[in-house]
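2 protein chains.
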Amino acid sequence: MASSEVASSATAKYLQIAADLAAQIKSGALAPGATVPSEAELMQRYGVASGTVRKAIAELRTTQLIETHHGRGSFVRSRPPVQRKSADRFRRAHRKAGKAAYLAEAETSGGIPSVTVLFVGPTAAPPEIADRLGLPAGTQVLARKRRYFRDGVPTEEATSYLPWDVVKDIPEVFAENPGGGGIYARLEEHGYSLAEFTESVQARLATKPETKALTLSPGAPVIHLVRDAITADGRVVEVCDTVMAADQFVLDYRFPAHD
Amino acid sequence: MASSEVASSATAKYLQIAADLAAQIKSGALAPGATVPSEAELMQRYGVASGTVRKAIAELRTTQLIETHHGRGSFVRSRPPVQRKSADRFRRAHRKAGKAAYLAEAETSGGIPSVTVLFVGPTAAPPEIADRLGLPAGTQVLARKRRYFRDGVPTEEATSYLPWDVVKDIPEVFAENPGGGGIYARLEEHGYSLAEFTESVQARLATKPETKALTLSPGAPVIHLVRDAITADGRVVEVCDTVMAADQFVLDYRFPAHD
DNA sequence: CAGTGGTCTAGACCACGAG
DNA sequence: TCGTGGTCTAGACCACTGA
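Protein sequences, first through last, are from chains A and B. Under the working numbering, the residue at position 36 of the first sequence is numbered 40, and the numbers go up by one with no gaps. Under the working numbering, the residue at position 180 of the second sequence is numbered 184, and the numbers go up by one with no gaps.
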């Protein structure tokens, strides 16, 4: 028989199973953090094949109701508290007080922040970055790639690109920890007085590597933010390319109505 | 044999197939609008089972490279030109020139913009909105809900909420078309001089109703933006709640480095 | 080690779309 | 009608996790 009694109901079996499990989660029968029954268990309970159960699980994953860990199982997600990111985090006053932008921000958020530096060194500038820096594509620049965590959970990954001629005399920016106030403070100490920042914000689904780096479920959305740091004479002295787990952040902006 | 030579390579077969097709798309060998080879064709070409091909196709779908239509096939998506949304769109100069924000923006983007007004009338303010307006939850406010299109395709849906005492003497804001410069121009004409805007940006997956309203695929990301319009004396006179198809927009912001 | 999810096969039947 | 994608089965082996 195998496929003789298949694909006939109004809505697909795997969706019914997903809806059933979703109802259990919303009702609280499956509490946040609880483990979802294993695939084998669900196959037996619903009398379906493995593929069908897996599609149901995938459905719950894309709706962010559960997360899955290879070899461990699936777990009901607990809505994490979001982190507000305001343009205020780049206020010069914060830099003068010796705080890096991330820490300045973390002060007003719950959770314990931490940072891991993944890479610091020369790189060929990717086309879009080179364009923003006003350099030919492939020019050597300094890249600083780091990953940010809150309570040990990765939340965002950021790569800063700086023109080589700007950084070559600023030894601190080659260090893992560029010192109090971060690289913006170092830039200003070396005569690059920052006038303004511009940010471009896009949202999209995470790529495979991003899901790994940020431990996201496939199909999870990310915020892709690219910021230019611009000096008083109009030069872009840093481009920061950031990918954030979308469910972890709210971005706040404020701008005047005047001309 | 069946499964004797399975799941051993470094990266999964379905990902290799997806990557191969993605490369063909990026190289232009598969042009936008072209039909992707059928599943049967791909099964033969790559020598894999149907399930494997389907997973590869699903991968390309979540990366927005293709779209699939039951019974017709899969097609390479033509990258819709994204629309840049800059804070500049609220410059008073634009309002004075008689342009509404949306049209002012559309001038610098490709595509023909259009708007449909879905609802204008009194509503009980939802909690989050009431909070921003500084009113008790459930207070009667004026809601203006409209849907925006580009080239006939829905791209965003926005609802403005205005305190009743503000609008009760401004007949134009009850009309479908509030006139040149939009409601912000009308507010300023009636003594509500706008000082600044704040925007909160979040990204998440579309809800079921949103996928319908914006004709999105399930699992597609949206940008949720909430803007407050604030007068010189600090009063919030409008809250605009907007949901945008994420793949249609880039949000641009600019802010000073000064204190 | 046992148990979990991840990938894969080689089929089947159903539902949709176009000629 | 025929070709398309959508769902489903009943298995298999692989890879990761934790006791």
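No residue lacks a Cβ here, since even glycine has one placed at the ideal position from N, Cα and C.
- Cβ contact annotation for K89/B (same chain, cutoff 6 Å, sequence separation greater than five): F253, L255, in chain order.
- Note that the C-beta distance between T56/B and K30/B is not below 8 Å.
- A buried status is given to A207/B, since no fewer than 16 other beta-carbon atoms sit within 10 Å of its beta-carbon.
- Shown here, A199/A sits in a strand according to DSSP, grouped into three states.
- Exposed is the label assigned to R76/B, since fewer than 16 other Cβ atoms lie within 10 Å of its Cβ.
- If you check the CB distance, R93/A and T202/B do not come in under 8 Å.
- The beta carbons of T127/B and V145/B sit about 6 Å from each other, so the pair counts as a contact at 8 Å.
- Look at Q20/A here: in three-state DSSP terms it is helix.
- Contact between the segment 228-239 of chain A and the segment 58-65 of chain A is absent: fewer than 3 CB-CB pairs across the two stretches fall below 8 Å.
- Contact annotation: in the segment 211-233 of chain B, residues whose CB is within less than 7 Å of a CB in chain A are G223, P225, I227.
- Interface criterion met: the Cβ of S204/B is under 8 Å from a Cβ in chain A.
- For the options G223/B, Y188/B, L218/B, D237/B, the alpha carbon positioned closest to that of V243/B is the one of Y188/B.
- When 8 Å is used as the limit between beta carbons, Q28/A is near no residue of chain B, the shortest such separation being about 19 Å.
- The beta-carbon of F153/B is placed no less than 8 Å from the nearest beta-carbon of chain A.
- Counting only the Cα atoms, V240/A lies some 13 Å from A261/B.
- Any Cβ of chain B closer than 8 Å to the Cβ of A207/A would place that residue at the interface, and such an atom is present.
- Neighbours of Q68/A in chain B, taken as residues at a C-beta separation under 9 Å, are given in chain order as R208, L209.
- Ranking E71/B, A22/B, W168/B, R150/B by CA distance to the CA of G186/B puts R150/B first.
- One finds S204, V205, Q206 in chain B with Cβ atoms closer than 9 Å to the Cβ of V254/A, taken in chain order.
- Contacts with chain A (Cβ-Cβ distance below 9 Å) from the segment 158-184 of chain B involve no residue at all.
- Straight across, the Cα-Cα distance linking V170/A with I234/A is about 13 Å.
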